[in-house]
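Student:
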Amino acid sequence: MKVLGIESSCDECAAAVVEDGERVLSNVVATQIPFHAKYNGVVPEIASRMHTEWIYGVVQEALEKASLSPADIDGVAATAHPGLLGSLLVGLSFAKAFAWARKLPFIAINHMLAHLYAPRLSLTGETVQQVDYPFLGLLVSGGHSIICRVENFDDITVLGTTIDDAVGEAFDKVSKYYGFGYPGGAYIDRLAKTGNPDAFHFPMPSLHKGDHPYDLSYSGLKTAVINQLNQFRNSKAASAPDGATPASRPEDIAASFQKTAVEILLRSLLRAAEDTGLTTIVAGGGVAANSLLRARLAEKTELRCIFPPLEFCGDNGAMIAGIGYQYLARGDRSPLNVVASARVQGFKKKYP
Ligand code: KG4
Ligand code: ZN
1 MKVLGIESSC
11 DECAAAVVED
21 GERVLSNVVA
31 TQIPFHAKYN
41 GVVPEIASRM
51 HTEWIYGVVQ
61 EALEKASLSP
71 ADIDGVAATA
81 HPGLLGSLLV
91 GLSFAKAFAW
101 ARKLPFIAIN
111 HMLAHLYAPR
121 LSLTGETVQQ
131 VDYPFLGLLV
141 SGGHSIICRV
151 ENFDDITVLG
161 TTIDDAVGEA
171 FDKVSKYYGF
181 GYPGGAYIDR
191 LAKTGNPDAF
201 HFPMPSLHKG
211 DHPYDLSYSG
221 LKTAVINQLN
231 QFRNSKAASA
241 PDGATPASRP
251 EDIAASFQKT
261 AVEILLRSLL
271 RAAEDTGLTT
281 IVAGGGVAAN
291 SLLRARLAEK
301 TELRCIFPPL
311 EFCGDNGAMI
321 AGIGYQYLAR
331 GDRSPLNVVA
341 SARVQGFKKK
351 YP
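At position 73 of the sequence shown the residue is numbered 73 (UniProt numbering), and the sequence of numbers has no breaks.
(1) Can you check the region 289 to 331 for any alpha helix (DSSP H) of at least 4 residues that lies completely inside it and give the ranges in chain order?
(2) Of all residues in the structure, which have a C-beta closer than 5 Å to any heavy atom of the ligand ZN, taken in chain order?
(3) Along the beta strand (DSSP E) that carries GLU19, what are the first and last residues, could you check?
(4) Please find out if some non-hydrogen atom of the ligand KG4 comes closer than 7 Å to the beta-carbon of residue 353.
(5) For GLY168, count neighbouring Cβ atoms within 10 angstroms of its own Cβ and tell me buried if that reaches 16, exposed if not.
(6) By alpha-carbon positions, which one of VAL131, HIS144, ARG271, THR161 ends up nearest to ALA151?
(7) Verify whether the separation of the beta carbon atoms of GLY285 and VAL174 is less than 8 Å.
(8) At what residues does the beta strand (DSSP E) containing VAL131 begin and finish?
(9) Regarding VAL28 and the ligand KG4, is the C-beta to nearest heavy atom distance less than 7 Å?
(10) Would you call the region 55 to 66 in contact with the region 74 to 89, where contact means no fewer than 3 C-beta pairs closer than 8 Å?
(11) With which residues is THR79 paired in a DSSP beta bridge?
(12) Which of the three DSSP states is assigned to ILE226 in this structure?
(13) So within the region 43 to 80, which uninterrupted beta strand (DSSP E) runs reach at least 3 residues, ignoring any that extend past its ends?
(14) Taking all protein chains shown into account, decide if LEU310 is buried (16 or more other Cβ within 10 angstroms of its Cβ) or exposed.
(15) Per DSSP, what are the beta-bridge partners of THR157 in this structure?
(16) Would you mind reading off the limits of the alpha helix (DSSP H) that contains THR260?
(17) By alpha-carbon positions, which one of LYS259, GLY184, LEU121 ends up nearest to ILE323?
(18) How should TYR234 be labelled, buried or exposed, when 16 other C-beta atoms within 10 angstroms of its C-beta is the threshold for buried?
(19) Could you check whether THR161 and TYR218 sit closer than 8 Å to each other, using their CB atoms as the reference points?
(20) For a test of the three-state rule: what should DSSP assign to GLU7, helix, strand or coil?
(21) Would you tell me roughly how many angstroms separate the C-alpha atoms of LEU89 and ALA342, rounded to the nearest one?
(22) For ASN290, verify whether its CB is less than 7 Å away from any heavy atom of the ligand KG4.
(23) Quick one: is GLU274 buried, meaning 16 or more other Cβ sit within 10 Å of its Cβ, or exposed?
(24) Would you report the Cα separation of GLU7 and ALA272, rounded to the nearest angstrom?
(25) CA-CA distance, ALA166 and ALA255?
(26) State the DSSP-derived secondary structure class of VAL167, mapped to helix, strand or coil.
(27) Could you tell me which residues DSSP pairs with LYS2 in its beta bridges?
(28) Whose CA, out of ILE55, ALA99, LEU92, lies closest to the CA of ASP72?
(29) What did DSSP end up calling SER206 once you bin it into helix, strand or coil?
(30) Taking DSSP's pairing of strands, which residues face residue 357 in a bridge?
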């Protein structure tokens, strides 16, 4: 069964064709990053306008790359939530129209569940990673930081979540303040490779006490790193003639921040693994591309840690088509009047 998957929840306009929930026949991701970079964040109005302009071409390219015509598609899946409402509406409406015109089964998808499905995808010729349920899920993106128990592709229980910023959001905000670039995750990851992670000691949140042992918090870390920048700026005026201070190397800030950001995730995640007895961890979302997170989890040889291939960490249509197949194959259908929604019940920050 060949499923067309469409993703437009944020700033990636994406479409893919996936066969039987595993084999990725095509995966087209048109990123809007250059258009949002000068604002240091996604501008919702620009995002939805660009999706409207691009969606037809992106879907057409996905079909062409798979050497298929619309008549070869057996089902359609599209992200319906969570995300930017205006952006979601473009992909969702396009997918509904495609399904209606071709009389195809249609399914609306939860973007976060799709991120957890991504490790089950393979490019043609590669072997599919075996992912057995239940496992511990780590969903880390620009909008979410969630630790969950995953019973099946459509069945998760949130164990912990951020009480303030998402981890990807913290990378993006720190990067914005330091002028590293947008989006921040990939920039900081790259800079950190040549920095000293022990140059600065940033605080860990003290959330582990009490009733919420798996929750996360990033606003304290973000503020500490930003305060450090202000200290540099003040000391620069009084220091060397070129304004440089030995401690102000961006690589060191990046490495020290990243180290703490990853340790915050690991502390809650490993505690959840111990308490639940789950020995498989599956990561998903843009931050799952982080090289330190991958390296630190690889050290935990007592756990099986599964990451999606790098091209399926960020937003893409293949994960939507892949999970879409699972629903469609068991007979689930969404009505064509299904609505998009910005949030998903239970996935939100716990204490807004
Ligand atoms: O899943 P995603 O593409 O979009 C959302 O659903 O939010 O995740 C985007 C987030 C951004 O915050 C970006 O900075 C972060 O993922 N990110 C990374 C890395 N690559 C992307 N964060 C840390 N390290 C990376 N290598
Ligand atoms: Zn995402």
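Yeah, the Cβ is synthetic: ideal placement off N, Cα and C, and Gly gets one too.
Tutor: Taking the coordinates as given:
(1) 291 to 298, 317 to 329
(2) SER141, ASP315
(3) 12 to 19
(4) There is no way to answer for residue 353, as the model of the chain reaches only from 1 to 352.
(5) buried
(6) Residue identity differs from the one stated: residue 151 is Glu in this sequence, not Ala. It is VAL131 whose Cα lies nearest to the Cα of GLU151.
(7) no
(8) Taken as a continuous stretch (DSSP letters only), VAL131 belongs to no beta strand (DSSP E), as it is neither H nor E.
(9) no
(10) no
(11) ILE109
(12) helix
(13) none
(14) exposed
(15) ARG149
(16) 250 to 276
(17) LEU121
(18) Position check: residue 234 holds Asn in this sequence, whereas Tyr was assumed. Classification of ASN234: exposed, given that the 10 Å Cβ count is below 16.
(19) no
(20) strand
(21) 10 Å
(22) yes
(23) exposed
(24) 31 Å
(25) 19 Å
(26) helix
(27) GLU19
(28) ALA99
(29) coil
(30) Residue coverage of the chain in this structure runs from 1 to 352, which leaves residue 357 outside it and unanswerable.
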